[in-house]
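Q:
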């Protein structure tokens, strides 16, 4: 009886040792897996910390000039921290360089759209001289944004209803580039080209 109990105790001890060994192996495997997962993140963070002092090492002043379809030009001035002048050219690769003096850059760009002021307050109308004109606000306020061509008013009156001519004289509101192009296209056939040539010749002589 005593020998049987002794044998059972040995078996229990062996099983406990096996379970403990399995637990130790599992724990070691988990620690190794976790270490492998965390190492790249630590290395990446270290690389980022090393790179930070290199970035934004110089300040440059930049002037951006925009020219819109409706004749309006705008200018924006800003300061920017960059790593080098090459970064400036990379950031504004879609712009045309006008000049560069040291850390001062000037760029220009043609914008194929109406300027904000033209969208907000643009009106097509006729000037007192019968010139198709784009105004800021109704034509009566006489805030000219852009002029186009002399209109043949006689041809216009004969081809269009009287109320439509009056509508043009009071001002036609536009809000986008599509309306702008549509009105120009509609009235180009009524342009007094002879009158425009004569006016240009008089201006050249003057």
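Residue numbers (this note's numbering): 71 to 276.
Don't be surprised by glycine CBs; every beta carbon is placed ideally from N, CA and C.
Since the structure is predicted, the reported quantities are computational estimates derived from the model, not experimental observations.
1. Can you check which of these residues, 154, 135, 200, is closest to residue 168 by C-alpha distance?
2. May I ask which residues mark the beginning and end of the beta strand (DSSP E) holding residue 203?
3. Using only alpha-carbon positions, find the residue among 137, 132, 210 that is nearest to residue 170.
4. For residue 132, which beta-bridge partners are listed by DSSP?
5. Does the Cβ-Cβ distance between residue 184 and residue 253 come in under 7 Å?
6. In chain order, what residues of the same chain have a beta carbon less than 8 Å from the beta carbon of residue 117, not counting five sequence neighbours either side?
7. According to DSSP, is residue 250 helix, strand or coil?
8. Which class does residue 158 belong to by DSSP, given the choice of helix, strand or coil?
9. Just to check my reading of the structure: residue 141 and residue 187 have Cβ atoms closer than 8 Å, yes? What is that Cβ distance to the nearest angstrom?
10. For residue 159, which residues in the same chain have their Cβ closer than 8 Å to its Cβ, ignoring the five residues on either side in sequence?
11. Do you know offhand how far residue 172's Cα is from residue 180's?
12. Could you pull out every residue in the same chain whose Cβ sits closer than 8 Å to the Cβ of residue 217, ignoring the five residues on either side in sequence?
13. With H, G and I counted as helix, E and B as strand and the rest as coil, what does DSSP make of residue 197?
14. Keeping to the same chain, check which residues put their C-beta closer than 6 Å to that of residue 165; ignore five residues upstream and five downstream.
15. Pick helix, strand or coil for residue 180, following the three-state DSSP scheme.
16. Please look up how many angstroms separate the CB atoms of residue 149 and residue 129, rounded, as I've assumed it's under 8 Å.
17. Just the C-alpha distance for residue 236 and residue 242, rounded to the nearest angstrom, thanks.
18. Please report how far the alpha carbon of residue 238 lies from the alpha carbon of residue 256, in whole angstroms.
19. Can you tell me whether residue 245 is helix, strand or coil according to DSSP?
A: If we stick to the structure as given:
1. 135
2. 201-206
3. 132
4. 148, 175
5. no
6. Confidence is the limiting factor: at residue 117 the pLDDT is only 45, short of 50, which leaves the residue's position unreliable, though a coordinate-based value still follows. Closer than 8 Å at the Cβ level, and outside the excluded window around residue 117, lies no residue.
7. helix
8. helix
9. Residue 141 to residue 187, Cβ: 11 Å. No contact.
10. 167
11. 25 Å
12. 197, 201, 202, 203, 204
13. coil
14. 177, 179
15. strand
16. 6 Å
17. 10 Å
18. 12 Å
19. coil
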